[in-house]
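Asker: Chains as they are written, first to last, in this note's numbering: chain A, 30 to 366; chain B, 30 to 366.
Can you read through this structure? Questions will come right after.
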DNA sequence: CTGTTAGCGCCTTCAC
DNA sequence: GTGAAGGCGCTAACAG
């Protein structure tokens, strides 16, 4: 900047004004400066500008378990879309389910002065995500409600989706319905299990614990658990799977079973309609989860603007994204038993 | 920082040293400082630190068409993994195939002083990605070789993969093999088409242009194109599809065809083994593409370190990721014709 | 081991 | 319309 100023015989202030399109500079001078800028290939240093103006980075962070999971990839796309509208970029990071890594990532992002954070947290205690501990960094949770902190969140209707799926199987004549779930300690895991249990109960069916398997969502484990359920003397005629990993594991196991087993899985699966199997899915717009989270986040970021008005609490918001059951049963599905 | 220094009656230098874990400070003083830091909830300002030290941001950028495409999501995971090892974060952005947006993203990222950029470029002219025009920002291309600029790149063996897939179909007895390809103007499109053509030629078969359809990879278009090919009086008995979108479109169309049609598609597909269809895929490690790209990028970032030694050109590097054909044909595949 | 001085590149403020 | 001071928060480079 100095260089350009010297070269043109003006002060660096003039260059600064020209670059920012500030008013209070003659058109002629501005022209000259911008020409020189282009010629030298000079780019203003964002760091210095922000240091001076105290602005945060126009970057928001997204912390998820694993970006390769289609759900999180879609979530990222949603967050990115809204961030772009606000002129912001998106920093992504995967925790691989490691709480310590989550802690570290959050600290890093706060230190880097990102403008805000969307987090799909690993554990149940979210106190390390408190904005107050993070230099007032706004935080929004996705997929999980906050616990121990007071921030906005976007949830999926885990309970309702599983409930509907369960009722649909029952309506189709199933009475022995198994459940392939996530660990009971996870919020999504327990909500989806609750939907299953309520679906049974409201239909006057008794939940048989032998039909329930809860474990971290992993294709191998799900396949093994499915085989175990199907090996019972009175095996389930239908299974509810609590996420896409479980669904895929179950699909593989079910293929080798003599009698047909109906499946209803949380999360949609591409190509589900091409499988020659009776499969329903609980579908929802994962990108919309991201978009809503980003909207909430930018709402907080912008309200922080004026001055940390400590009494700006409008109360925290909680948005729930709807689910709906999609049947991929290509033919009629012979009601078993 | 000043506040902490004042509160403890030391200089800000002492605080700085304690925070950075610099040597040359007594353990006792360090303790006291760190305690105060924790008490006040102070976080060092990364911006100021970098401004002072002249370090680039520990952030690298990744620009792709669409993060929701599994290939790009995997790529991102690979880049992120290597970036993490280098203590860097990852900024992602999707162009949605829009060249103007790509231009703008690149400019933004350069202005934000990211440390480097991995780009899967939209078009064929890459001059706007020249590091020289981007404040010496190191750039690595993925999936496409550079044109008009001189940078490192990571490629997939598009030609070889398609060639092998074609030969495999021929070995299985197919003679009328169709091709569902990407636009000929795309590098990957033309390489994969070349692999198909060479596969036929080396087997002494003649390429029948009626069997070739080239369009942007879109499930709907691919399905329509497939139906058209299969409506010919002497339809192909096998199809090669140039990417996962084409493969899925073809799968949908083939389902409703009376006689079996073998498919061989570029890009692996989850659940491919569960489809009751004769499908082979050209598989490769998409995350490895990202890891290699990141390795090359950090190589450049680190060599820039000392001083822009203008004669550091070791020549640009080009890494090719291998492909291999995976058969998902569950049973034997009745050689047609 | 600790403090002082100076300045990273830019922008706010106030003169002119 | 333009320029001169001064400082954002931090840390090299030297002193003590």
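Beta carbons: idealized from backbone N, C-alpha and C, even for Gly.
Small disclaimer: the values here were computed from a predicted structure and weren't measured.
For residue 54 of chain A, name the three-state secondary structure that DSSP assigns.
Answerer: Coil.
Asker: By alpha-carbon positions, which one of B:210, B:30, B:315 ends up nearest to residue 184 of chain B?
Answerer: Comparing Cα-Cα distances from residue 184 of chain B to each of B:210, B:30, B:315, the minimum goes to B:315.
Asker: In angstroms, rounded to a whole number, what distance separates the CA positions of residue 118 of chain B and residue 137 of chain B?
Answerer: For residue 118 of chain B and residue 137 of chain B, the distance between alpha carbons rounds to 17 angstroms.
Asker: Compute the Euclidean distance between the alpha carbons of residue 140 of chain A and residue 110 of chain B, then round it to the nearest angstrom.
Answerer: If you take the alpha carbons of residue 140 of chain A and residue 110 of chain B, they lie about 21 angstroms apart.
Asker: Between A:64, A:290, A:50, A:275, which lies nearest to residue 211 of chain A when the distance is taken from Cα to Cα?
Answerer: Of the listed residues, the one whose Cα sits closest to residue 211 of chain A is A:275.
Asker: Using the three-state DSSP reduction, which class does residue 266 of chain B fall into: helix, strand or coil?
Answerer: Residue 266 of chain B falls in the coil class under three-state DSSP.
Asker: Locate the alpha helix (DSSP H) running through residue 274 of chain B, then write down its first and last residues.
Answerer: Element bounds for residue 274 of chain B: 273 to 284.
Asker: Can you pull the DSSP bridge partners for residue 100 of chain B?
Answerer: Partner(s): none; residue 100 of chain B has no beta bridge.
Asker: Give me the residue from A:306, A:77, A:242 with the minimum Cα distance to residue 284 of chain A.
Answerer: Looking at the Cα atoms, A:306 is the closest of the given residues.
Asker: Ordered along the chain, which non-local residues of its own chain (more than five positions away) have a Cβ less than 8 angstroms from that of residue 35 of chain A?
Answerer: Cβ neighbours of residue 35 of chain A beyond the five flanking positions: none.
Asker: Check residue 77 of chain A in the structure and name its three-state DSSP category.
Answerer: Note: residue 77 of chain A maps to helix in three-state DSSP.
Asker: Using Cβ-Cβ distances below 7 angstroms, what residues of the region 107 to 121 of chain A are close to chain B?
Answerer: Within the region 107 to 121 of chain A, the residues whose Cβ lies closer than 7 angstroms to some Cβ of chain B are 109, 118, 119, 120, 121, listed in chain order.
Asker: Helix, strand or coil, according to DSSP, for residue 319 of chain A in the structure here?
Answerer: The answer is helix: DSSP assigns residue 319 of chain A an H, G or I state.
Asker: For residue 181 of chain A, write down the residues that DSSP places opposite it in a beta bridge.
Answerer: Paired residue(s): A:169.
Asker: Mark residue 214 of chain A as exposed unless 16 or more other C-beta atoms lie within 10 angstroms of its C-beta, in which case mark it buried.
Answerer: Counting Cβ neighbours within 10 Å, residue 214 of chain A comes out exposed, since fewer than 16 surround it.
Asker: Alpha carbon to alpha carbon, how far is residue 290 of chain A from residue 266 of chain A?
Answerer: About 5 angstroms.
Asker: Can you round the beta-carbon distance between residue 254 of chain B and residue 304 of chain B to whole angstroms, since I take them to be within the 8 angstroms contact cut?
Answerer: That pair is no contact at about 19 angstroms.
Asker: If I follow the unbroken alpha helix (DSSP H) through residue 309 of chain A, where does it start and stop?
Answerer: Element bounds for residue 309 of chain A: not the alpha helix (DSSP H) but the beta strand (DSSP E), 308 to 312.
Asker: Give the straight-line distance between the Cα atoms of residue 341 of chain B and residue 282 of chain A, rounded to the nearest whole angstrom.
Answerer: Annotation note: pLDDT 49 at residue 341 of chain B (below 50); position unreliable, no value reported.
Asker: Straight-line CA distance for residue 3 of chain A to residue 251 of chain A?
Answerer: Residue 3 of chain A is absent from the structure shown; chain A starts at 30 and stops at 366.
Asker: I'd like to check one pair, residue 295 of chain A with residue 115 of chain A: are the Cβ atoms closer than 7 angstroms?
Answerer: Not a contact, by the Cβ cut-off of 7 angstroms.
Asker: So, at 8 angstroms on beta carbons, what are the nonlocal neighbours of residue 445 of chain B in its own chain, with the 5 sequence-adjacent residues on each side left out?
Answerer: Examination of residue 445 of chain B is not possible in this model, given that chain B is present from 30 through 366 alone.
Asker: Are the C-beta atoms of residue 356 of chain A and some chain B residue less than 7 angstroms apart?
Answerer: No, residue 356 of chain A does not count as interfacial toward chain B.
Asker: What is the rounded straight-line gap between the Cα of residue 176 of chain B and the Cα of residue 190 of chain B?
Answerer: So the alpha carbons of these two residues sit roughly 23 angstroms apart.
Asker: CA-CA distance, residue 349 of chain B and residue 171 of chain B?
Answerer: In a straight line, the C-alpha of residue 349 of chain B is about 10 angstroms away from that of residue 171 of chain B.
Asker: Using CA atoms only, rank isn't needed, just tell me which of B:220, B:167, B:187, B:231 is closest to residue 180 of chain B.
Answerer: Selected option, being the one with the closest Cα: B:167.
Asker: Since I believe residue 169 of chain B is in contact with residue 147 of chain B (beta carbons under 8 angstroms), could you give me their beta-carbon distance rounded to a whole number of angstroms?
Answerer: So it is a contact: roughly 5 angstroms between Cβ atoms.
Asker: Quick one: which chain A residues come within Cβ less than 8 angstroms of residue 73 of chain B?
Answerer: Per Cβ cutoff of 8 angstroms: 140.
Asker: Starting from residue 128 of chain B, trace the alpha helix (DSSP H) both ways and give me its first and last residue.
Answerer: Where residue 128 of chain B is concerned, the enclosing alpha helix (DSSP H) stretches over 128 to 140.
Asker: Could you check if residue 75 of chain B is buried or exposed, using at least 16 other CB atoms within 10 Å of its CB as the buried criterion?
Answerer: By the 10 Å Cβ count, residue 75 of chain B comes out buried.
Asker: Could you check whether the Cβ of residue 80 of chain B sits closer than 7 angstroms to any Cβ belonging to chain A?
Answerer: Taking Cβ atoms only, chain A reaches closer than 7 angstroms to residue 80 of chain B, which makes this a yes.
Asker: For residue 331 of chain B, name the three-state secondary structure that DSSP assigns.
Answerer: Residue 331 of chain B falls in the helix class under three-state DSSP.
Asker: Give the secondary structure of residue 337 of chain B by DSSP, where H, G and I count as helix, E and B as strand, and everything else as coil.
Answerer: The predicted model places residue 337 of chain B with a pLDDT of 42, which falls under 50 and marks its position as unreliable, so this point remains unresolved.
Asker: Anything in the region 167 to 193 of chain B with a Cβ closer than 9 angstroms to a Cβ of chain A? List those residues in chain order, please.
Answerer: Listed by position along the chain: nothing, the set is empty.
Asker: Looking at the structure shown, is residue 361 of chain A part of a helix, part of a strand, or coil, going by DSSP?
Answerer: Its pLDDT being 40, under 50, residue 361 of chain A is placed unreliably in this model, and the value from its coordinates should be taken loosely. Three-state result, residue 361 of chain A: coil.
Asker: If contact means a Cβ-Cβ distance below 8 angstroms, which residues of the region 198 to 220 of chain A contact chain B?
Answerer: Listed in sequence order: no entries.
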